[in-house]
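In this note's numbering, the protein residues as written are 63 to 584. Written below as structure tokens is the structure these notes are about.
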């Protein structure tokens, strides 16, 4: 294990208190913090942090890297941002527990446009065996959530039907077992089948199971519900109340299409908290969303899983029905396509739906169906996301945390994958003064650790795990843009994971000290 001293820097310890001069010692992956004039053992290497900020490693509360990181274990888009722990298994789309190989293959096929489908040995079935795949094999730590789609796929299947009492009991048992094996809670993605077929009552039962094990509910809400504005979040809060269990609203932000303002959304969260409900949220600080192109299709056509979906995509009657249901208020000009592997459609990479429709002379429905069939459903999209004018309300809110919602597929993914944490430190803290540096670091570290229930991460304090970031507050910034998203940030100089340097002088070391964290023990 690495022993070293970080000297001369300003320690922003993650608690939200003002930064101070101090020395940080690392010994066998554990921290000790000394006053600036404390005696330092002579024999240990030193990082000179003069003029720099020393902070805990950043915690990303939403990442689509549950497969990608295993195939790309140096994980440069994240470690170069200072991220040392990230949450996987989000949006209900976890890859464990899995009861049989065919279930996993179906999940991989349906979700390839979001998470990719890299060539891996799929040699796991349980939460425990999946988590072992990360230990000492990747550059960052992971905290795992059990997705309700995985539970529903195993117990109910892919059909849009209500779960029977026996099936619900089966899902609860799988969730209970997975929590005992180290998962931190339950996730849902209520725009993604088969998890989207779950009722409010079904989800409340599962949240109650997670809550009983001191876990929490991490939810991508049912966005088309009711008024399409506050009602989706009202359902999420109701699920948590009925569970009962803590609720975390992921990628919570104001959209330009919403009929009301951002304060109405924040009032909903604040009202729930005033009533005693444990509610938090995360936001990514970019205007560009990304997900699988399948998001454009309604639930009925996806019922039954990939095989049934492909059959319907070829059917003229189904396509005609879609023409009455599928539309874009922007005329498809802001839906950029990516992740093409079929040579016939390679020219579509990075083009908008509008471009492709015009080039092919086909309408939106035929274009969507033809592309999805040609690519075995694995097309990604980048589209408009948070409102630029209101984003700062969510970034600066006291219970708002940070999740990149990172996607890695396609030539031009959303820039949030490469730049979220540096953008907050550079733009929202230094340039715009929306929040203090200490408050931003608190959100990125101790507050995120508290949401997960981590016992010894998120602070620079004696006895805590040595996840550390050293950055230049005058230079830190994101370079990732919509047109050129795969750009690494400036100003993130050194990153330690479990006491081992994964970035030094702004460059990755190739070391892989990350591991799976386990709820209740870490």
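Beta carbons are placed, not taken as given, at the ideal position from N, Cα and C, and that holds for glycine.
Start and end residues, alpha helix (DSSP H) containing residue i
i: residue 350; result: Not the alpha helix (DSSP H): residue 350 falls in the beta strand (DSSP E), residues 350-354.
i: residue 192; result: 189-194
i: residue 257; result: It is not in any alpha helix (DSSP H) - residue 257 carries neither H nor E in the DSSP assignment.
i: residue 385; result: 378-385
Reference residue i, options the options, closest by Cα
i: residue 399; options: 389, 416 and 386; result: 416
i: residue 79; options: 507, 582, 581 and 576; result: 507
i: residue 296; options: 172, 197, 528 and 341; result: 341
i: residue 139; options: 575, 548, 577 and 82; result: 548
i: residue 580; options: 92, 143, 110 and 208; result: 208
i: residue 577; options: 475, 91, 262 and 294; result: 91
i: residue 324; options: 460, 292 and 434; result: 292
i: residue 46; options: 106, 352 and 497; result: A question about residue 46 goes unanswered here, because the residues of the chain that appear run from 63 up to 584.
i: residue 264; options: 500, 218, 241 and 443; result: 218
i: residue 69; options: 424, 256, 204 and 532; result: 532
i: residue 518; options: 101, 83, 349 and 583; result: 583
i: residue 252; options: 433, 286, 345 and 226; result: 286
i: residue 315; options: 455, 243 and 256; result: 455
Buried or exposed (CB count within 10 angstroms, at least 16 for buried), residue i
i: residue 103; result: exposed
i: residue 544; result: exposed
i: residue 484; result: buried
i: residue 540; result: buried
i: residue 586; result: A question about residue 586 goes unanswered here, because the residues of the chain that appear run from 63 up to 584.
i: residue 338; result: exposed
i: residue 173; result: buried
i: residue 322; result: exposed
i: residue 386; result: exposed
i: residue 511; result: buried
i: residue 250; result: buried
i: residue 559; result: buried
i: residue 112; result: exposed
i: residue 71; result: buried
i: residue 392; result: exposed
i: residue 569; result: exposed
i: residue 261; result: exposed
Three-state secondary structure assigned by DSSP to residue i
i: residue 268; result: helix
i: residue 183; result: coil
i: residue 127; result: coil
i: residue 105; result: coil
i: residue 224; result: coil
i: residue 211; result: helix
i: residue 412; result: coil
i: residue 421; result: helix
i: residue 203; result: strand
i: residue 89; result: strand
i: residue 120; result: strand
i: residue 577; result: coil
i: residue 156; result: coil
i: residue 291; result: coil
i: residue 399; result: strand
Start and end residues, beta strand (DSSP E) containing residue i
i: residue 147; result: 145-150
i: residue 281; result: 278-282
i: residue 251; result: 247-251
i: residue 368; result: Per DSSP, residue 368 belongs to no beta strand (DSSP E); it is in the alpha helix (DSSP H), 368-375.
i: residue 565; result: 562-566
i: residue 69; result: 65-69
i: residue 555; result: 554-559
Practice problem: Scan the segment 442-486 and note each continuous beta strand (DSSP E) run of 3 residues or more that stays entirely inside, going in chain order. | Solution: 442-446 and 462-464
Quiz item: Quick one: complete alpha helix (DSSP H) runs, 4+ long, within the segment 301-354?
Solution: 324-336
Practice problem: Note down, one range per segment and in chain order, each beta strand (DSSP E) of at least 3 residues found wholly within the segment 495-524. | Solution: none
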